[in-house]
Structures are given as C-alpha cells and as structure tokens.
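Undergrad: Residue numbers (the numbering used here), protein chains in the order written: chain A, 1 to 203; chain B, 204 to 422.
1) For residue 250 (chain B), go through chain A and note every residue whose CB falls closer than 9 Å to its CB, in chain order.
2) Count the other CB atoms within 10 Å of the CB of residue 156 (chain A); is the residue buried (16 or more) or exposed (fewer)?
3) From the beta carbon of residue 376 (chain B), is the nearest beta carbon of chain A less than 8 Å away?
4) Would a C-beta distance cut-off of 8 Å place residue 348 (chain B) and residue 49 (chain A) closer than the cut-off?
5) Could you spell out where the alpha helix (DSSP H) holding residue 194 (chain A) opens and where it closes?
6) Once the 5 residues before and after residue 163 (chain A) are set aside, which same chain residues still bring their CB inside 8 Å of it?
7) Using a C-beta cutoff of 8 Å, does residue 253 (chain B) count as contacting chain A?
8) Compute the beta-carbon to beta-carbon distance between residue 41 (chain A) and residue 75 (chain A), rounded to the nearest angstrom, for a pair I have assumed lies under 8 Å.
9) Mind checking the stretch 189 to 202 of chain A against chain B and listing, in chain order, the residues whose C-beta falls within less than 9 Å of any C-beta there?
10) Find out if the Cβ-Cβ distance for the pair residue 321 (chain B), residue 386 (chain B) is shorter than 8 Å.
11) Classify residue 252 (chain B) as helix, strand or coil using the three-state DSSP reduction.
12) Which residue comes first and which comes last in the alpha helix (DSSP H) that contains residue 366 (chain B)?
13) Measuring straight from C-alpha to C-alpha, what distance separates residue 96 (chain A) and residue 125 (chain A)?
14) Would residue 301 (chain B) and residue 364 (chain B) qualify as a contact pair, given that the criterion is a beta-carbon distance under 8 Å?
15) Count the other CB atoms, across all protein chains shown, that sit within 10 Å of the CB of residue 91 (chain A); report buried if there are 16 or more and exposed otherwise.
16) With 16 as the cutoff for other CB atoms within 10 Å, does residue 235 (chain B) come out buried or exposed?
17) Please report the residue range of the alpha helix (DSSP H) in which residue 172 (chain A) lies.
18) Decide yes or no for the touch test of the stretch 110 to 120 of chain A against the stretch 131 to 146 of chain A: beta carbon pairs closer than 8 Å, at least 3 of them.
19) Report the neighbours of residue 232 (chain B) on chain E: residues whose CB is nearer than 8 Å to its CB, in chain order.
20) Using the C-alpha atoms, what's the distance from residue 86 (chain A) back to residue 346 (chain B)?
21) Residues in the stretch 381 to 413 of chain B with C-beta within 9 Å of chain A's C-beta atoms, listed in sequence order?
22) Find the residues of chain B that neighbour residue 166 (chain A), judging by a C-beta separation of less than 7 Å, and give them in chain order.
23) What are the residues in the stretch 291 to 313 of chain B lying within 7 Å of chain A by C-beta distance?
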C-alpha cells in the first residue's frame with residue numbers, strides 16, 4: 001500500500017577527486033605502455049642476473065616452445081613484407097595483397113612455405129589455432145629457418161639483433177639445433193631473453 | 204555518486220527559478236576503471252632482459268692460433284639431467300672414475316666451486332664494485348665496463364667449457380651462463396659432448412663398472 005515509507009537516505013560522496021585521478025592514471029597508461037606482442041605459445045623464460053634490456057627496434061625474435069617448434073617474430077612491418085616477398089621468390093610462390101596484409105597482422109611466422117598461402121587465406125582466429133601446431137621447419141632436409149633468418153638479415157642490415165626466447169623446460173637439443181643453424185650461417189652473436197633475478201649478496 | 208550541480212538555488216524576484224541539474228558521472232568512472240584494468244593487463248612498462256652470448260665460429264683454427272690453457276685454470280662442466288652438473292678439472296684421467304664429480308646449481312654447489320677457483324678475480328671485482336657504488340660514485344658506466352673487462356680478461360682467469368647433454372634443458376644452460384656472470388668468468392665456451400665425456404659420465408654413474416668393461420677412448 002505504501003503507508004510505510006522508508007525514508008530514503010541519500011548519501012552524496014563527492015567523487016570528483018577519484019574520477020580525476022583515474023583519468024590521469026588512464027592517460028598515463030595509454031601514452032607510455034607498450035602492448036605485449038601476442039605469442040602463439042606462452043613461454044616462461046629462465047631467470048638470469050643480466051640487466052641488459054632488449055633493444056626496442058630491429059630485433060628478430062626466435063621463439064622456441066617446449067615441443068621444439070620454432071616461431072619467428074620480426075618487429076618491423078616493412079621488413080616483414082620484404083622478407084615474405086623474398087621467401088616467395090625462393091619457393092616460386094606469389095602472394096596477393098590480402099595475404100601480405102594477413103601476414104603482417106599475424107605477429108609470428110611459424111608455417112612451412114608449402115602451407116603458407118592456404119594459411120594466410122584463413123581468418124586470423126583460425127590462424128592462431130593452426131600456427132600453434134606447426135612452426136618453421138628446421139630439419140636438415142627442409143631447413144627453412146636458415147632462409148628466413150638470411151633474408152631477415154639482408155633486409156634488417158647489420159643492426160638487426162637476434163634474440164632467442166625459449167621456455168625453461170625446453171629440452172636442450174631443440175635449442176642447440178637452432179643455435180647450430182645460426183652458427184652455420186655465421187650468426188655468432190645473439191641474445192637469450194631472460195627474466196630478472198637478483199644478484200646474490202656479497203658479489 | 205559523482206555528480207555536478209549546475210546553477211544553484213539563487214532565487215531572484217521575477218526570474219524563473221533555476222533548476223538544479225544533476226549530472227551523474229557514475230558510468231564515466233566505471234568506464235575509466237574498465238579501461239585502466241584493460242591497460243594494466245595487456246601492456247607492459249618494462250622491456251624484457253637479455254643475456255648476450257657469442258658462440259665460437261665453425262671454422263677450424265690453425266694449430267698456432269688455438270689458445271693453450273693451463274690445466275689448473277681449465278674446468279669442464281657437463282650439464283646432465285634433473286639439474287645435475289658434473290665437472291672435471293684440466294685433463295681427465297680416464298682410468299679413475301672419480302675424476303668426474305657431481306654438483307648442482309645451488310649456491311653451495313657450482314657457485315661455491317667457481318668462486319673458489321676464481322678467487323683473485325672475484326676479489327678484484329668486489330673491490331671495483333665497492334669503488335663504483337660506495338667510494339667513487341662519479342665513476343662512469345663506460346669506465347666501470349672497461350675496467351671490469353680488464354680484470355676479467357686476466358691471463359690467470361678460469362676458462363670454463365660448458366658441455367650440455369641431451370638430457371639437459373634450456374634453463375640449465377641459462378643457469379650455467381648465469382653462474383659465469385656471477386663468478387666474473389669471461390672466458391667460457393659452449394661445445395658439444397665428446398666420446399670421452401660420455402665415457403666419463405657412464406663410468407661415474409656405474410661407479411667404475413662401465414670403465415672395467417669398455418675401453419677408454421683414445422686421446
């Protein structure tokens with residue numbers, strides 16, 4: 001009936017200050033943070049006391065997962081496009097514009113050349129599922145990794161750095177294979193991506 | 204919640220009464236919180252750390268170019284399964300199965316061993332670090348790097364040969380390289396296992412039984 005009226009208590013807390021701070025925080029994050037690259041597989045890198053930071057530009061990252069699958073990430077989009085064209089020439093495949101754009105949007109390279117055209121025609125979400133199962137071939141009969149790195153070096157020049165990012169539990173032979181492939185190409189200097197560990201006391 | 208009142212209650216004779224407008228900012232603060240949460244999860248302010256390594260080339264060196272190392276300064280680490288590390292110093296004695304010893308990656312294991320063998324250089328590095336961080340704060344980074352390189356490149360420093368086995372994992376290799384940095388050892392190399400090392404490893408695991416049957420490898 002409504003005879004009994006509950007007295008509405010209106011509490012007015014002035015939230016101006018809080019919204020002000022949140023807007024500031026938001027602006028700060030939007031302007032300074034860099035997006036984490038989306039990786040086909042998440043890896044947990046081992047810890048090391050090395051404090052050297054990876055350089056921002058012109059880095060070729062070789063991602064090795066726990067099964068030994070190899071994925072490449074090149075941060076420069078133009079370089080990626082040129083490398084794809086060169087690889088296409090090597091294997092006699094031409095890529096149309098849509099495929100090239102799809103290639104650039106996909107963060108990592110991880111498909112054998114024979115499946116590349118079909119892969120690039122798939123929508124991005126389907127690509128993410130597929131790429132996890134494949135990886136760049138590294139066996140001696142079909143060593144596409146060498147070609148990718150060679151072309152990346154040609155395009156990237158001498159300033160390009162190579163970084164190897166792998167999981168803690170990846171068996172050593174898988175990483176060794178990649179390192180030997182690099183040494184065979186005369187790429188002797190590269191970096192290993194690690195997480196930071198504190199230097200032990202007294203040293 | 205957050206609201207702003209416009210106008211006011213000022214009443215003037217003859218003028219229509221201003222109505223107070225309440226603008227509710229709750230959705231805006233809500234959106235801000237959501238956006239901040241999104242950015243906190245998807246972005247990072249710190250760049251990942253890297254550890255540089257330089258591998259030896261495949262080209263064969265001439266006899267005179269190969270560096271001769273004193274036996275007392277050389278130690279070979281064999282990275283085995285389950286985070287175990289085996290080592291021998293200098294040239295191993297294939298007749299005796301105890302030339303290969305076992306240790307692990309704990310501070311009392313490998314690190315204690317390497318610090319002990321590299322005592323003089325570690326002491327000098329400690330002095331240099333003391334100088335940089337405590338007494339002479341004006342020392343530039345380049346000078347620090349140059350001087351540490353000089354100390355670590357001392358002819359009497361330890362030379363470490365790291366041989367990972369097929370049972371080791373990537374974390375073992377990175378830990379071994381990390382110990383090099385912690386113990387101030389600049390002269391190290393990552394190479395493959397040889398037959399001799401395999402022999403020593405089998406021998407140690409079987410406590411000499413393997414060596415009794417199989418022939419030791421030719422030097």
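Using N, Cα and C, we set each Cβ at its ideal position, and we do this for glycine too.
TA: Reading off the structure:
1) 34, 53, 54, 55, 56
2) buried
3) yes
4) no
5) Run containing residue 194 (chain A): none in the alpha helix (DSSP H); it sits in the beta strand (DSSP E), 189 to 196.
6) 54, 59, 60, 61, 62, 190, 191, 192, 193
7) yes
8) 18 Å between Cβ atoms; not a contact.
9) Cβ contacts with chain B come from 189, 190, 191, 192, 193, 194, 195, 196, 197, 199, 200, 202.
10) It is a contact, given that the beta carbons lie within the stated cut-off.
11) strand
12) Boundaries for residue 366 (chain B): no alpha helix (DSSP H) harbours it, while the beta strand (DSSP E) harbouring it runs 362 to 367, taken from the DSSP string.
13) Going by the C-alpha atoms only, they are around 20 Å apart.
14) no
15) Burial is judged here by how many other beta carbons sit within 10 angstroms of a residue's own beta carbon; residue 91 (chain A) has fewer than 16 and is exposed.
16) buried
17) DSSP places residue 172 (chain A) inside the alpha helix (DSSP H), whose first and last residues are 172 to 184.
18) yes
19) Absence of chain E from the displayed structure is noted, the protein chains being A and B.
20) When rounded, the distance between both Cα atoms is 44 Å.
21) 381, 384, 385, 386, 387, 393, 395
22) 373
23) Those residues of the stretch 291 to 313 of chain B that come within reach of chain A (Cβ to Cβ, closer than 7 Å) are 310.
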